[in-house]
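**Q** Here the sequence shown is numbered in our numbering, starting from 14 and rising by one per residue.
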Amino acid sequence: MTGLWVFYENEDDAIVQEKVLTGKRPMIDIRYRNRSLEEKILVEVIDGCWQPDPKKRLDIFQVVRRLRENSQSL
């Protein structure tokens, strides 16, 4: 959405890995949640993929289904 890598401010992969393993998630600017329906849907999918609890995390089939369901908006 932004064209930036996740945790773009850290070039060291080990630092990024440590952040993810300790539960840190990249910040998604609030503007993307409210600017358009398309961006809101994408942010919801991203949030679903970053869920720390694997039982709540979207799997690839759920991601594809949500994107297909909203493909007219995207």
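The C-beta atom is built at its ideal place from N, Cα and C for all residues, glycine as well.
Nearest to VAL33 by CA position, among THR15, ASP42, CYS62, ILE73, is which residue?
**A** In the sequence shown, counting from the first residue as 1, residue 33 sits at position 20. Comparing alpha-carbon positions, the option among THR15, ASP42, CYS62, ILE73 lying closest to VAL33 turns out to be CYS62.
**Q** Just to confirm the assignment: which complete alpha helix (DSSP H) runs, minimum length 4, are found wholly within the segment 28-86?
**A** Fully contained in the segment 28-86 are the following alpha helix (DSSP H) runs of length 4 or more, in chain order: 43-47, 50-62, 73-82.
**Q** Ordered along the chain, which non-local residues of its own chain (more than five positions away) have a Cβ less than 6 Å from that of GLU52?
**A** Against the sequence shown, residue 52 aligns to sequence position 39. Excluding residues within five positions, the ones whose Cβ falls inside 6 Å are TYR45.
**Q** Using the three-state DSSP reduction, which class does ASP26 fall into: helix, strand or coil?
**A** Within the sequence shown, residue 26 is the residue found at index 13, counting from 1. Correct three-state label for ASP26: helix.
**Q** What number of angstroms, rounded off, separates the C-alpha of GLU82 from the C-alpha of MET14?
**A** If you number the sequence shown from 1, residue 82 lands on position 69. If you number the sequence shown from 1, residue 14 lands on position 1. Looking at the two C-alpha atoms, the distance is approximately 19 Å.
**Q** Answer yes or no: do ILE41 and LEU80 have a C-beta to C-beta separation smaller than 9 Å?
**A** Along the sequence shown, one-based indexing puts residue 41 at 28. Along the sequence shown, one-based indexing puts residue 80 at 67. No, Cβ-Cβ distance for ILE41 and LEU80 is not below 9 Å.
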